[in-house]
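Residue numbers 198 to 342, in my numbering, belong to the letters of the sequence shown in order. Note that the Cβ used here is the ideal one computed from N, Cα and C, for glycine as well. Given the structure is predicted, the values throughout are model-derived calculations rather than measurements.
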Amino acid sequence: MKKILYSLFIFASATLFAQKNPNVKFAVSGDMIGTVAMFESQKDFVQSTQVYKTAASLPQKLKKFSFLADQGLTEVKFKKDVSPFDNISLASFNQQSNLPKDTPVFVEGYEFKDTSMRVFSEIAQNLEVKDYNGVKTLFITSTRK
């Protein structure tokens, strides 16, 4: 009985930690990921945006980001390819947190298995290392706590 309760507790805590944040809408510029809110604060640098409402409507070049399209996905193009944001790989965030670079990272509850993916560094307002299914895992949120 204890084993069943223990297993249920681990499963419940793992799903609680990894809940997707429905309030965050992701945006992609080039091959880098940010949030719509981030880009709205830098409108002077934005040339155009294209909103895709579903994963099925994504063009081929954005299909690798389809796991982020629950709330839609916005493609952002900067004027003259000049970005106001720095970018970093998720593997680098792992290393800064003393984790193996290939450990999946959760951003707003979305699991990024490919840690070579680059994100705009401004997306990481809060970094926390938590135990997820028995593995130390990095959780990133885009809003300050």
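Between V302 and K260, the alpha-carbon positions lie close to 19 Å from each other. Using a Cβ distance threshold of 8 Å, V316 and T271 do not count as a contacting pair.
Note on geometry: alpha-carbon atoms of V332 and S294 lie some 14 Å from one another. Contact annotation: Y307 and K217 have beta-carbon atoms nearer than 8 Å.
Following the DSSP letters along the chain, one finds E272 inside the beta strand (DSSP E) bounded by residues 270-275. Here N284 carries a strand assignment [DSSP, helix/strand/coil]. If you look at A234, you'll find it in the alpha helix (DSSP H) that goes 233-237.
According to the DSSP assignment, V304 belongs to the beta strand (DSSP E) that extends over 302-304. Comparing alpha-carbon positions, the option among F223, M229, P219 lying closest to I285 turns out to be M229.
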